[in-house]
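Taking my numbering, the leading residue of the sequence shown gets 95, the next gets one more, and so forth.
Cβ atoms here follow ideal geometry from the backbone N, Cα and C, with glycine treated the same way.
One structure below.
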Amino acid sequence: MSNFSDAFLQEAERHAAWGTVQLQAMDAAFPDAPWDVDLDTGVYQQDGREVRVAVLATYDLSERTWMWGWANPGLRGAPVVAAAERARDFGRAHGLTEFTEETLDLSGFADPRRAAETLAFTAMGVTGAPGYLGLEAGPSTRLYLLPDDPRVQPAGIDPVALPRILTTGATLIGRSPRLAVSGYFDHFQLTQRQTETGIGADLPDGSTVDVDFDGSGRIASVTVHPAGR
């Protein structure tokens, strides 16, 4: 494999803006620190904090191969890989082989490590997990975990930060800023108004947002209108 399919990248784009916020929240909640995880119980511990997690995948940095948690012989069928199974089931339903192949050889990518992060990021999106953890589990092994605990809540909508969130998220995958914006609104189930040149949405606090695109499809402006105006 030397590139992801167009269908997979489109799915990644749909989660780009929303996922960017989730990862920022995860970085704040789980800064770099010693950690431990019990794969039998799915309990993750760090700095006295204990949460339940699911094993998404492992990435071999030397071989540059990705193995989904549901494909791991030692974990196959265990409750701790249920979230990874949901990603697999999504892949089967939508024809995304990136989610259905047991292992993926990422050595053909220009940046295999970034490819691994893209897999984790998109799986986070399709499973609705509030972020993911990428951890060094050995000299050449990276372990990817998804929070599977109601105490880890997804980030909400911040109208003040929304222009930055949308413009930054739209550059993460960079294929369709419009899809990144509409995907963000979809995650929060917001009413949208689609036009040829923009997208508008009603925010939970009563304010509204208008996103305009230029002739090349890039975000030209993001304007938040306070409630009552």
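Taking C-beta separations shorter than 6 Å and ignoring five residues to either side along the sequence, the partners of Asp308 in its chain run Ala314, following chain order. Under the Cβ criterion (8 Å, minimum of three pairs), the stretch 177 to 196 does not count as touching the stretch 117 to 131. A Cβ-Cβ distance of about 29 Å is found for the pair Pro271 and Val246, leaving them out of contact under the 8 Å criterion. Counting other Cβ atoms within 10 Å of its Cβ, Val254 stays below 16 and is therefore classed as exposed.
When secondary structure is reduced to three states using DSSP, Val246 falls in the coil class, being assigned neither helix nor strand. Just so you know, the alpha carbons of Leu284 and Ser301 end up roughly 12 Å apart. At the C-beta level, Ala111 and Ile259 come within 8 Å of one another.
Residue ranges of uninterrupted beta strand (DSSP E) with 3 or more members, entirely inside the stretch 132 to 189 and ordered along the chain, are 137 to 140, 143 to 154, 159 to 162. Under the three-state reduction of DSSP output, Arg312 falls in the coil class, being neither helix nor strand. Per DSSP, reduced to three states, the secondary structure at Tyr238 is strand.
In the same chain as Ala231, and ignoring 5 residues on each side of it, the C-beta atoms closer than 6 Å to its own belong to Leu237, in chain order. Setting aside the 5 residues that flank it on each side, Gly136 is surrounded in the same chain by Arg146, Val147, Val174, each with a C-beta closer than 6 Å to its C-beta; the list follows chain order. Between Thr221 and Thr197 a beta carbon distance of about 19 Å is seen, past the 8 Å cut, so the two are scored as non-contacting.
Of the residues Ala106, Ser96, Thr291, Asn97, the one whose Cα lies closest to the Cα of Gly268 is Ala106. In the DSSP assignment, Glu230 falls within the beta strand (DSSP E) that extends over 227 to 232.
For the pair Gly219 and Arg108, the CB atoms are nearer than the 8 Å cut-off. In this structure, Leu133 is the residue among Leu133, Leu297, Ala127 with its C-alpha nearest to the C-alpha of Asp242.
Residue pairing by DSSP places Gln286 opposite Ala295 in a beta bridge.
The shortest CA-to-CA distance from Leu150 to any of Asn166, Gly202, Asp141 is the one to Asn166.
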